[in-house]
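Please read the structure below before turning to the comments.
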(Lines of atoms letter the chains of each structure in order from A and count residues from 1; the text may use other names and numbers.)
(Lines give C-alpha, C1' and ligand atoms only; values in the text may rest on other atoms or scores of the structure.)
Protein backbone atom coordinates (compact mmCIF):
# COMPACT_ATOMS: atom_id res chain seq x y z
CA UNK A 1 0.00 0.00 0.00
CA UNK A 2 1.43 3.36 -0.94
CA UNK A 3 1.09 6.48 1.12
CA UNK A 4 -0.87 9.26 -0.47
CA UNK A 5 0.20 12.84 -0.04
CA UNK A 6 -2.07 15.78 0.27
CA UNK A 7 -0.46 18.59 -1.74
CA UNK A 8 -2.76 21.18 -0.21
CA UNK A 9 -1.31 20.64 3.29
CA UNK A 10 2.17 19.17 2.72
CA UNK A 11 4.90 21.65 3.60
CA UNK A 12 2.49 24.41 4.62
CA UNK A 13 4.14 27.11 6.68
CA UNK A 14 2.73 30.14 8.45
CA UNK A 15 3.84 32.32 5.51
CA UNK A 16 1.78 30.15 3.15
CA UNK A 17 -1.39 30.92 5.11
CA UNK A 18 -1.18 34.60 4.16
CA UNK A 19 -1.37 36.04 0.67
CA UNK A 20 1.68 37.83 -0.70
CA UNK A 21 0.01 41.18 -0.17
CA UNK A 22 -0.95 40.30 3.40
CA UNK A 23 2.61 39.17 4.23
CA UNK A 24 4.09 42.40 2.89
CA UNK A 25 1.47 44.59 4.55
CA UNK A 26 1.95 42.89 7.93
CA UNK A 27 5.73 43.27 7.65
CA UNK A 28 5.46 46.97 6.77
CA UNK A 29 3.00 47.69 9.58
CA UNK A 30 5.37 46.10 12.10
CA UNK A 31 8.35 48.07 10.80
CA UNK A 32 6.64 51.46 10.69
CA UNK A 33 5.11 51.08 14.13
CA UNK A 34 7.93 53.26 15.53
CA UNK A 35 8.04 55.73 12.64
CA UNK A 36 8.85 55.91 8.95
CA UNK A 37 10.88 53.33 7.06
CA UNK A 38 12.99 53.54 3.90
CA UNK A 39 13.91 50.34 2.07
CA UNK A 40 14.83 48.73 -1.22
CA UNK A 41 12.85 45.64 -2.21
CA UNK A 42 15.95 43.49 -2.57
CA UNK A 43 16.85 44.04 1.09
CA UNK A 44 13.52 42.83 2.52
CA UNK A 45 12.79 40.08 -0.02
CA UNK A 46 13.98 37.27 2.26
CA UNK A 47 12.08 38.68 5.23
CA UNK A 48 8.74 38.44 3.42
CA UNK A 49 9.56 35.45 1.20
CA UNK A 50 8.94 37.39 -2.02
CA UNK A 51 11.09 38.42 -4.95
CA UNK A 52 12.12 42.08 -5.28
CA UNK A 53 9.98 42.28 -8.42
CA UNK A 54 6.92 40.98 -6.55
CA UNK A 55 7.52 43.51 -3.77
CA UNK A 56 7.77 46.38 -6.26
CA UNK A 57 4.48 45.41 -7.89
CA UNK A 58 2.77 45.04 -4.53
CA UNK A 59 4.10 48.38 -3.27
CA UNK A 60 2.38 50.17 -6.15
CA UNK A 61 -0.83 48.34 -5.27
CA UNK A 62 -0.44 49.11 -1.54
CA UNK A 63 0.07 52.81 -2.20
CA UNK A 64 -3.59 52.91 -3.27
CA UNK A 65 -5.09 50.12 -1.16
CA UNK A 66 -3.61 50.39 2.34
CA UNK A 67 -5.47 53.21 4.05
CA UNK A 68 -3.36 52.96 7.20
CA UNK A 69 -0.02 53.18 5.38
CA UNK A 70 1.45 56.06 3.42
CA UNK A 71 3.61 54.62 0.62
CA UNK A 72 5.85 56.78 -1.55
CA UNK A 73 8.45 56.08 -4.22
CA UNK A 74 11.47 57.91 -2.88
CA UNK A 75 14.47 57.33 -5.12
CA UNK A 76 15.13 55.60 -8.41
CA UNK A 77 18.91 55.15 -8.41
CA UNK A 78 19.89 51.53 -9.12
CA UNK A 79 16.63 50.34 -7.53
CA UNK A 80 13.56 52.07 -6.20
CA UNK A 81 13.70 53.14 -2.59
CA UNK A 82 10.33 53.11 -0.88
CA UNK A 83 9.28 55.33 2.01
CA UNK A 84 6.53 53.98 4.25
CA UNK A 85 4.94 55.47 7.33
CA UNK A 86 1.70 55.18 9.23
CA UNK A 87 -1.02 57.32 7.67
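In my numbering, the protein residues as written are 285 to 371.
Every residue gets a Cβ at the ideal spot worked out from N, C-alpha and C, and that includes glycine.
If I measure Cβ to Cβ from residue i and keep anything under 8 angstroms in the same chain, skipping five residues before and after, which residues do I get?
i: residue 309; result: 346, 350 and 353
Let's test the definition: count the other Cβ atoms within 10 Å of the Cβ of residue i and tell me whether it reaches 16, buried, or not, exposed.
i: residue 325; result: buried
i: residue 332; result: buried
i: residue 327; result: exposed
What's the gap between the Cα of residue i and the Cα of residue j?
i: residue 355; j: residue 313; result: 11 angstroms
i: residue 330; j: residue 358; result: 21 angstroms
For residue i, which three-state DSSP category applies?
i: residue 346; result: helix
i: residue 354; result: strand
i: residue 335; result: coil
i: residue 325; result: helix
Can you list, in chain order, the residues of its chain whose CB lies under 7 angstroms from that of residue i, leaving out five sequence neighbours each side?
i: residue 336; result: 325, 326 and 329
i: residue 342; result: 304, 305 and 308
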